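The structure appears below as C-alpha cells.
Protein chains: 2
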Amino acid sequence: MAERCINTIRMLSVDAIEKAKSGHPGLPMGDAAPAYILWTGFLRHNPHNPRWPNRDRFILSAGHGSMLLYAILHLTGYELSLDDIKDFRQWNSKTRGHPEYNPDIGIETTTGPLGQGFANGVGMAIAERYLAQIFNRPGFPVVDYHIYAMVSDGDLMEGISSEAGSLAGHLGLGKLVYIFLDNHITIDGSTDITFTEDVAKRFEAFEWHVQKVDGYDLPGIEEAIEKAKGEAKRPSLIIARTHIGYGSPNKQDTSGVHGSPLGEEEVRLTKERLGWPLDPPFHVPDEVLGFFRSAVERGREIEGEWQKLFDAYAVEHPDLAEKWRTAHDGKLPEGWRDGLPTMGDEPVATRSVTGTVLNGVAEKLEMLIGGSADLAPSTGTRLKGFGNFIHDPGGRNLHFGVREHAMGGILNGMALSGALIPYGSTFLIFSDYMKHSIRLAAMMKLPVIYIFTHDSIGLGEDGPTHQPVEQLAALRSTPGLTVIRPADGAEAVAAWEFALERREGPVALIMSRQKLPMIDRGSFAPAKNLATNLIRGGYVLADSRHGEVELLIIATGAEVHLAMGAYEKLTKEGIGVRVVSMPSWELFEQQDKTYRDEVLPTSVTARLAVEAASPMGWHRYVGMGGDTLCLDHFGASAPAQTLFEKFGFTVENVVSRGRTLLSGKGRG
Amino acid sequence: MAERCINTIRMLSVDAIEKAKSGHPGLPMGDAAPAYILWTGFLRHNPHNPRWPNRDRFILSAGHGSMLLYAILHLTGYELSLDDIKDFRQWNSKTRGHPEYNPDIGIETTTGPLGQGFANGVGMAIAERYLAQIFNRPGFPVVDYHIYAMVSDGDLMEGISSEAGSLAGHLGLGKLVYIFLDNHITIDGSTDITFTEDVAKRFEAFEWHVQKVDGYDLPGIEEAIEKAKGEAKRPSLIIARTHIGYGSPNKQDTSGVHGSPLGEEEVRLTKERLGWPLDPPFHVPDEVLGFFRSAVERGREIEGEWQKLFDAYAVEHPDLAEKWRTAHDGKLPEGWRDGLPTMGDEPVATRSVTGTVLNGVAEKLEMLIGGSADLAPSTGTRLKGFGNFIHDPGGRNLHFGVREHAMGGILNGMALSGALIPYGSTFLIFSDYMKHSIRLAAMMKLPVIYIFTHDSIGLGEDGPTHQPVEQLAALRSTPGLTVIRPADGAEAVAAWEFALERREGPVALIMSRQKLPMIDRGSFAPAKNLATNLIRGGYVLADSRHGEVELLIIATGAEVHLAMGAYEKLTKEGIGVRVVSMPSWELFEQQDKTYRDEVLPTSVTARLAVEAASPMGWHRYVGMGGDTLCLDHFGASAPAQTLFEKFGFTVENVVSRGRTLLSGKGRG
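Structure representation (C-alpha cells):
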C-alpha cells in the first residue's frame, strides 16, 4: 500500500510534467518516499482549513519539485483537483512551475530560488517560538507546531542556507525538521564535481541534530522523523540518501532527469519498471486516494481538539484570546498610534527616528518583532527593555548576525505566520546582499518592513564600498515593493506610520545617517496634511511665490533641503519655483492622473530632480528636456560634507542647474 | 623588538583614526600580531614592485581594519608615506576608509563588504593553479605563490564565505592560508548572541586544514603558518584567538572599539598601558622602521631570483614566455578573432551563441577560463574538450555549484591576476544573488564577463520566481558595468567580441532562452557595420521609408523583432517609422551628442520603448510624452508564447501603441 501511494505521487508528477512538456520529474520520483512518510505519519494539518493557525508547516525548499507538492495536496484533499494537476504550468493554473504562496491550498511559501525556503522555515520557527512566548499559558499550548522542509543539495550550497542554518542552530530552534534529499546529482552532473563537503559535519558544527537514513527505508525514515521531533533544543537535519528520477530505467541517477520530461518511451519503461498501469495517465487507485484522504477527517479532528483548547483558553484568558484574534486578523490594536512621536524643531537623522517610533509603539504592538544584521546601534532598531529573543525572558530583539540574506528570508518566514509584523535593518548598500528575499516578499505581498540606513554618500568616510548609488533604482524597480525616503523627522514618522499599517506588501524605509533639518511646516506644506501627503508619495512642499510655476525641483530625503535652499535663492530672484518632495515613487504612481498633474503640471518642462543616487528612472518625472542632479558614478572616502560639495550636491549647484534649465526656455 | 613593531602598527592605526575622527581601531589593535608575523616572516613580496606577478597575495577581507594594512604597507616600504597615513579617510587620499584596489601600492583588492575578500582569495588561488597549469614546466615553477587573508567573524557569517569555503575545500586549493581573527565581538556585542557555531568543525567539514592558535603567541602563529604552507592539498584556516582593541584599558573586548575612534583620553591610557610614547602621534621608532624596511631589499632579492628563473625559462620555452607576456600585458593573442563564428540565417537563441563563440576562441584564448553556477548546459558555457578544472589534466571548466555569490567573488579574484579573462554564467534572475560582487568588479574595473541567460518571461513555465523583471535596471544603474542585450545571433557574436576585448570593466551579456530570428542584414542595417554599431550601443536598424521619421521604436533583445514586425505594418500604412536597436545603454551614452541625436532625433517625440522588463530608465529615451511597452509587474508560469501575448508583447500591440502615440500628434 505504501509503495502504491508513493508511486501515485511519482506517476502523477511524471504524467503532469509529460503533458506540460515542461518540469522537473527527478525530485518527485526520487523523493516521494520521505514526503509520503511525513505527510501521512506526522504532518498535523487540516486540508479543509489550510489557514488553521496551529498547523504544522511544510516547505518544499527545492521548489522545482513542485509536482511532488501538488500531487500530495491533491491526494490529501486540498482544493487542488486532478484537473488542476493536468493544468500544470499553464496560464492561470493553480499548479505553477514553482510553488507560489497560496495559503488557501496549502502552499506555505513561494520557493524555487534555492535556499530561500530553507531560510523561510527558520523564520517560521522563530515566529512559532515568539507567538508561543506571547500566547501560551500553563495548560494552554495554543501555539505548538513543527516546521518541516525538504531541501536539496542546491539549497545547501547557497550561502543563505549556511547563514540561516548557523542562526537556527544558535537559537536552538527545535521545532525545525529538515529533510535533505541527498541525491548526489545537480544540473551540471554528479555532486562529485563541486559539492563534496561533509554536510552532516557542517550542520553539527551549526549545532544541529543530524541523522542519516536511506531515503527508501520507510521505517527508518519514520524513526528518524520521530527522533527529530523529539529533539526540542536543536533543529534537526535528516540526510536521506535518495536517487533522482527513481524508477526510470535509463535516467535514474542522471542530471538529465532533473529538469526535463522523461519522454513518452521512458515514461512507459518507468511505469513498467514500477508496475504501474500504462493507461490512463493521471491514474490514482481508489484505495490510494481513500488512504490519503483520511487526512481530511484526521485534520478535522485535530483542529477540533485544538479549537476546544482555544475555547477554554478564551474563557480563562479572554484578553489573550482577543489579542490573538486581532493579531491573526492582521489588525493593529486600538490606540497604537498614541505611541508615535511628535517631532520637535531640532535636526535629526532620519535613522534615529526609527528607534523613537519603535520604542514608542512596541509596548502596544506586540506582533512587531525584528532586529538587525549586526547593525542595531547604527540603524536604531533596538527595542529597549525587551531583551534578546530566546536569550532573555520576553526578549524580542533579533540579532541576525552579519547575515543579510538569511535575514531577508527569515523575515519572510516570520511574516508568513500571518500575525507578525517583522522588521529587519542594515545599511542600504547591503540591501544588495538580501535583494532576492526582498523580491520574494514583494511577490508574496508580505508585510515586511526593511530599515535601510546610511542611504547615500552622506555616509562619508567609510567610502564607496559602503555608499549606495544604484540600490534605490534596484528597489524601486522591484514590483510590489514600496520604497520611502523621508526628507526629515516628520516625514520619517509618517513613513513609519504607513509601514506599520501596510499589510499588502513590503516597505523599505530609506534613512539618512546624517542629521537633516526639520522642514518648517508653518511656512510650507502644513504638518496636518503630512500623513496624507506622505501616502500620496509626492506633494508640493513649497510653491511658487511669483504666480505661475516656471521651474519644478523634485527631490527626496536629504536632498529636499538642497532644493529648499535653492528655492529661497531663486524665489528672491523673482523666479516661480515649486519644490516637490517625493518620498515614494510607488505611492505617487498609485495616485490618479489629476493629482499627479496637479503636483507636476505638464505645462512646466523646466524640471530638475535632485537625489544623491543613480539618476536611473528620474526622467519619468523630468522628461528628456529636464535635468537630474544625481550620482552616476561611485562615491568616495571623505567626510560627508566634502563629498556633497565635490559631487555637486550644493544649494549653489541646484540654483545653477535650475537657471540653466530656465535659460533654455529663454529665462533666467 | 617584535612587540615594538606590533605596537607601531597598533599606534599608527590609533593615531590615524583619532586624527580622522573616523575609523575602526579595534581590528588593527587586536590583530597586529598575526599580521606582523605574516608580513615579516612569510609574505614573499617586493614593495618596490607591487605588480611582480609571482608575489604572494595578501587580502584584508575584514576591510574595516584598513589602517592595519596601510600601516604595514607604509612600514614595509610601499609607496604610501606617513603623510598618506595622516591623510586617512580624507578626500583623494590613498588611505581610504576601506581598502580600495590599488596594485601600485600593494592593495590587492577592494574589501569592506564582508565575505567578498574571502571569495576573492579563492579566485586568486584558482588563478594561481590555472596559470601554473598553463605556464609551469619541470624545473621552472614560474607560477608559485600563496594567497593569505585575514578574515573576521563577520566574513565567516556571510553566506558567500560558506559558498567559497566549500568550493575551495572541494578544489583542494592548498595555496590558501586564511587567518580567522576570532575576537568574539561584533557590532551588536558578543558573538554569544548570534554566532556560536563551531567554526573549526565547519571548515573541517569543508575539507580545510584547521588549526587553532593564541593570537599573541608569536612562535605559535609562526608555526601554524608554517604548517599551513606545508599543507599542499587543502586550504588552511588558522583560528587565532585575539582581543578586539587590544591594549585599551577600558575598551578592549567591547564592541565600542570596533568602529569608533578611542577618544583622546583612552588613546593616552592605551599608550601608557602599552608603554608607548604619548607624543608625538604617528611615532615610528627608527629601529622598527629599519626592521620592516628590510622587506625592500628582501623583495628585490626574491624578485631577482625569480627573474633569473624566468629568463632561463624564456630561453628554454620562448613560446611560453611570449604567451606569458601577452597575457600579463592584458593583450589577446593575434588571430584570436578567427575563432569567432559567422552566423547563418537560422533562428538561434542568443544563449546558444555563447557556446559557439567560447568553443571557437578557447583554443587561442588560453587566458579565458570560467564556468557556471550549476547551469552549464542551460547557459552554454561549457568548453568542450577541455575537461574540468583540477579534475582533468588541462581542465578549464569551472563548476561553481549552486553558489552564485561565491562565483561573483571568485571571478573578481581571478581577474585580479591581471592575466585571466574570467567568465561566469547563471540565469539573469540570479544576478540578484551575486549583485554585490558585480558591483565590486565594476568598482575595481575588472575584466569579468557575466553570461546571464533566460533573460525575460521568455523563460516560460518556470514562472515568476525565475523570470527577471527588475534585474536589467539593477545592472544598468550600476556605475561602470556594461550591459548588452543582443537582438539576434549576429549582435550576440559582436557583443561577445566586445566583451572579450574589454579590459576596463565588467560586461554582462544578457541572453535569451528562446530562439530569435536572424535580422535580415541585407535589407536593414548592414552586417559590415554590425561590430561598430554594437559598440555604439544603439543604432538605426530600420529607417523610415516615407521621408521624415514620425515614430521611433526603440527596443533591445527579443523585443527588437516585435518592433520590426510593427515596422513592416506601420510602414505599409504609410507611416514613417524608425526602429532603433539599443543593445547597450551604457555604450550608447558614451557616444557624442551628435551621434545620439542622429539616432534619436530630438524633433521626434512620438517614441515607444519595447522591452520585456521593468520600464525603469526608459523615459530617458522616450521622454514624458513617450510610451513604454514594458513589464511593471511580475511574470507568471505558462508557456512563453502565452506570456508574451497575455502581457501585450505582440506586434499588434506595438502597432497599436505606436498609433496611439501618433494620434496624440494628430496623426494615425
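Respectively, the protein sequence lines represent chains A and B. Using this note's numbering, you'd call the opening residue of the first sequence number 120 and step up by one each time. Using this note's numbering, you'd call the opening residue of the second sequence number 120 and step up by one each time. For every residue, glycine included, the Cβ atom is placed at its ideal position computed from N, Cα and C. All values derive from a computational prediction rather than experimental measurement.
Selection from the options that minimises the alpha carbon distance to residue i
i                     : options                       : result
residue 177 (chain B) : B:782, B:158 and B:743        : B:158
residue 150 (chain A) : A:166, A:766 and A:132        : A:132
residue 578 (chain A) : A:541, A:336 and A:677        : A:677
residue 600 (chain A) : A:753, A:609, A:590 and A:627 : A:627
residue 211 (chain B) : A:723, A:583, A:267 and A:243 : A:583
residue 315 (chain B) : A:692, A:761 and A:520        : A:520
residue 114 (chain A) : A:145, A:220, A:130 and A:128 : Residue 114 (chain A) lies beyond the range of chain A shown here (120 to 787); nothing can be said about it.
residue 381 (chain A) : A:722, A:759, A:338 and A:135 : A:135
residue 571 (chain B) : B:553, B:724, B:719 and B:564 : B:553
residue 466 (chain B) : B:725, B:226, B:491 and B:639 : B:639
residue 359 (chain B) : B:336, B:371 and B:348        : B:336
residue 713 (chain B) : B:735, B:658, B:536 and B:517 : B:658
residue 93 (chain B)  : B:347, B:776 and B:558        : The structure shown does not extend to residue 93 (chain B), since chain B is modelled only from 120 to 787, so the question has no answer here.
residue 491 (chain B) : A:614, A:305 and A:683        : A:305
residue 352 (chain A) : A:313, A:255 and A:248        : A:248
residue 617 (chain B) : B:232, B:171, B:455 and B:463 : B:455
residue 706 (chain B) : B:356, B:457, B:193 and B:650 : B:650
Residues sharing a beta bridge with residue i, DSSP
i                     : result
residue 297 (chain B) : B:268 and B:356
residue 651 (chain A) : Residue 651 (chain A) pairs with nothing; no bridge assigned.
residue 570 (chain A) : A:544 and A:628
residue 696 (chain A) : A:670
residue 328 (chain B) : B:355
residue 601 (chain A) : A:626
C-beta atoms of residue i and residue j nearer than 8 Å
i                     : j                     : result
residue 774 (chain B) : residue 748 (chain B) : no
residue 361 (chain A) : residue 301 (chain A) : yes
residue 271 (chain B) : residue 154 (chain B) : no
residue 332 (chain A) : residue 343 (chain A) : yes
residue 830 (chain A) : residue 662 (chain A) : Missing from the structure shown is residue 830 (chain A); chain A here goes from 120 to 787 and no further.
residue 637 (chain B) : residue 607 (chain B) : yes
residue 725 (chain B) : residue 784 (chain B) : yes
residue 197 (chain B) : residue 214 (chain B) : no
Collapsed DSSP secondary structure at residue i in the structure displayed
i                     : result
residue 461 (chain B) : coil
residue 787 (chain B) : Bear in mind that the predicted position of residue 787 (chain B) carries a pLDDT of just 42, short of 50, making it unreliable; the figure below should be weighed with that in mind. It is coil, neither helix nor strand.
residue 661 (chain B) : strand
residue 747 (chain A) : strand
residue 225 (chain A) : coil
residue 220 (chain B) : coil
residue 638 (chain B) : coil
residue 541 (chain A) : strand
residue 363 (chain B) : coil
residue 208 (chain B) : coil
residue 252 (chain B) : helix
residue 582 (chain A) : coil
residue 214 (chain B) : coil
Near the ligand SAH: residue i beta-carbon under 7 Å from a heavy atom
i                     : result
residue 695 (chain B) : The ligand SAH is not among the ligands present in this structure, which contains no ligands whatsoever.
Residues that residue i contacts on chain C, provided the C-beta gap is smaller than 7 Å
i                     : result
residue 595 (chain A) : Note that chain C does not occur in the displayed structure, where the protein chains are A and B.
Validate contact between the region 277-297 of chain B and the region 231-248 of chain B using beta carbons, cut 8 Å, 3 pairs
yes
Would you call the region 583-590 of chain A and the region 611-625 of chain A in contact, with 3 or more CB pairs under 8 Å?
With a cut-off of 8 Å on Cβ pairs, the region 583-590 of chain A is not in contact with the region 611-625 of chain A, counting fewer than three such pairs.
Using 8 Å as the threshold, is the region 436-445 of chain A in touch with the region 241-261 of chain A, meaning 3 or more CB pairs across them?
yes
Does the structure place the region 441-459 of chain A close enough to the region 476-491 of chain A that three or more beta carbon pairs sit under 8 Å?
Contact check between the region 476-491 of chain A and the region 441-459 of chain A: three or more CB pairs, one atom from each, fall below 8 Å, which counts as touching.
Per the contact definition of three or more C-beta pairs closer than 8 Å, is the region 523-532 of chain B in contact with the region 499-510 of chain B?
no
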